[in-house]
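So for the sequence shown, our numbering puts the first residue at 1187; every next one is plus one.
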Amino acid sequence: MSILADGETRVLVQGITGSVGRIDTRICLDYGTRIVAGVTPGRGGQSVWGVPVFDTVEEAVAMTGASAAVQYVPARHAAGAVIEAAASGLSPIVAIAENLPRHDAYRAALEARRAGSVLIGFNTNGIISPGETKLGGIGGPRPGDVFRPGRVGICSRSGGMSAEIAIALAGAGLGVSTCVSMGGEIVTGRSMADYARWFEADGATDAMVVFGEPGSDHESDLAAAMSGGEVTKPVVAMIVGEFQDAYPAGASFGHAAAMVRRDADRAVTKRSLLAAAGALIADRVEDIPHLLQRVRE
1187 MSILADGETR VLVQGITGSV GRIDTRICLD YGTRIVAGVT PGRGGQSVWG
1237 VPVFDTVEEA VAMTGASAAV QYVPARHAAG AVIEAAASGL SPIVAIAENL
1287 PRHDAYRAAL EARRAGSVLI GFNTNGIISP GETKLGGIGG PRPGDVFRPG
1337 RVGICSRSGG MSAEIAIALA GAGLGVSTCV SMGGEIVTGR SMADYARWFE
1387 ADGATDAMVV FGEPGSDHES DLAAAMSGGE VTKPVVAMIV GEFQDAYPAG
1437 ASFGHAAAMV RRDADRAVTK RSLLAAAGAL IADRVEDIPH LLQRVRE
């Protein structure tokens, strides 16, 4: 089992004819992802790596039975692409674009929720259920070398740190059920607590690792879900960015959402909330496997 996407997921690629879309599609196909359609307006009738291209998502879904989407669409068109995919019933929708206008991002996230779709992103490198499927560039050109199948769920604000955590787990003989790079934008389709609830319900996930940073309410919402008994499986949390306490209020570093405006946004505050809720706190990536081993004993 896995959450959100598995080997049966039929994937549609929006923006498949672009350079990044073509490259990631080839890597995903080689990994075993069931990519059944691509969409680029005005390119209908073409194909990419043998995948048929359609002009609209509606047409592609009707012809191929696609059930999920990954998008390689410029930021100015990303909200429209999400809304189009959600209107056709696709879920999850992996939205790679970053730096969307805030209004566009809120509108897309709202419409996806109304349609019952899980929007992953914005500013994500994707989702992978090792040995089954992957959507997006997560894991790079050799995802099998990075992500090994196992029973630890990962939810990370950082795509790069998703891979680092998976490599550390593999080195300790542990593997991943599903890894979600949830996105680094201020507006994300779903919260860290949402992903934790899905891992909680997944029979193939024994524990989870979360990677957070300053800014946003994601980590405090997760702590509340843990304290409220919604998340009972072991959680290991690594929250970075304490150096940002010295920044002027409202200055971001790296991801747009990594911004300290109030005490609740600080890394040290988030660590304290999660620790009080029962999470084990990792100071370094190398600590994560040891903490997971501790909760398994």
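Even for Gly, the Cβ is constructed at its ideal location relative to N, Cα and C.
Here the structure is a predicted model, which is why all the values come from computation and not from measurement.
Contact annotation: Gly1361 and Arg1343 have beta-carbon atoms that are not nearer than 8 Å.
Contiguous beta strand (DSSP E) elements confined to the stretch 1386-1421 occur at 1393-1398, taking only those with 3 or more residues. Taking each of Asp1469, Val1366, Ser1406 and Gly1401 in turn and checking the Cα distance to Met1394, the smallest one comes out for Val1366. A residue is called buried when at least 16 other Cβ atoms come within 10 angstroms of its Cβ; Val1446 meets this threshold and is buried.
Ranked by Cα distance from Lys1320, the first of Glu1405, Pro1278 and Ser1205 is Pro1278. Three or more pairs of CB atoms, one per stretch, sit closer than 8 Å, so the stretch 1244-1260 contacts the stretch 1199-1209. In the DSSP secondary-structure assignment, Gln1479 is not bridged to any residue. Setting aside the 5 residues that flank it on each side, Ser1363 is surrounded in the same chain by Ser1188, Arg1337, Gly1339, Ala1390 and Thr1391, each with a C-beta closer than 6 Å to its C-beta; the list follows chain order. Counting along the chain, Thr1250 sits inside the alpha helix (DSSP H) bounded by residues Val1243 to Thr1250. According to DSSP, residue pairing for Ala1281 in a beta bridge involves Gln1257.
For Gly1193, the number of other beta carbons within 10 angstroms of its own is below 16, and it is reported as exposed.
DSSP, reduced to helix, strand and coil, places Val1332 within a helical segment of the structure shown. Ile1474 sits in a helix when the DSSP states are folded into three classes.
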